[in-house]
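Data first, discussion second: the structure below is written as structure tokens.
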Amino acid sequence: MAPKTVAIIMDGNGRWAKKRGLPRTAGHKKGADTIRTVALAAQDMGIQKLILYAFSTENWKRPEDEVSYLCKLPGLFFNKFINELMEKNIRVTFAGELERFPDATQEVINKAVNQTKNNTGLELCIAINYGSRREMLLGMKQYADEVASGKRENDLTEEEFSKYLFVPEDIDLMIRTSGELRISNYLLWQLAYAELIFTPVAWPDFDEKALKDCLDEFASRDRRFGGLTS
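Residue numbers (the numbering used here): 59 to 288.
Structure (structure tokens):
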């Protein structure tokens, strides 16, 4: 059985480009095409929600020209693929603090969300300006404000706290591409019982076969959630 919710750290765009003597932006452009490939494959393989780590809160520290290109990338991606996403019944959502992006980027994001909001297939969630510690901090502040204002009782549970996060679901499988062995402030709460797979394949080269290999590995794992198998 396929995992319901899969998260991917899309790593290796820059190294992929450098290896080929290309600018880092060329790696990001090829990586955007890979999003389309993997989203369609994920839907065909029975995944319900695919969460892609596209831009972290730390990525603002990168060179100005690279950040500028990354801010334009949603527009380039959706102009190219939005019709196909509609045809495939894929719903687009975003996770993160979107208000820091330029107005033009926010308009593209909102248009993609609104255009696909009634689709009932795969949910393609793109995490941008996202950091998990920040996500939890904002959730805690919102909860505290609601308690202080009398909107709710001080009776927080793990299930309730999840509702205060950008991504409320638990993750079944987390994949990181390009061989790095860390999770980089990504979905720290949601990964509590996720299976983790680190593949040497760079994101621009990650394709249907690479995804299937990860799902096959996931299927071979014995998920006990802290208990014992009978």
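All residues carry an ideal CB built from backbone N, CA and C; glycine is no exception.
Predicted model, so just to flag it, every value in this text is computed and none were measured.
Between the stretch 238–250 and the stretch 106–125 there are three or more inter-stretch CB-CB distances shorter than 8 Å, so the stretches are counted as touching. Across the structure, V96 and K209 are spaced so that their CA atoms are roughly 42 Å apart.
If you draw a straight line from the Cα of P226 to the Cα of R281, it comes to about 20 Å. Going by beta carbons, M68 and T235 fall inside the 8 Å limit. For secondary structure counted as the beta strand (DSSP E) over 3 or more consecutive residues, the stretch 160–228 holds these complete runs in sequence order: 181–188.
Using a Cβ distance threshold of 8 Å, W74 and A260 count as a contacting pair. E211 has its alpha-carbon roughly 43 Å from the corresponding atom of L131. Every alpha helix (DSSP H) stretch that sits fully inside the stretch 65–105 and reaches 4 residues is listed by chain position as 71–77 and 82–102.
The three-state secondary structure of S242, taken from DSSP, is coil. Our two residues, F139 and K221, have alpha carbons roughly 30 Å apart in a direct line. In the three-state DSSP reduction, V125 falls in the helix class (H, G or I).
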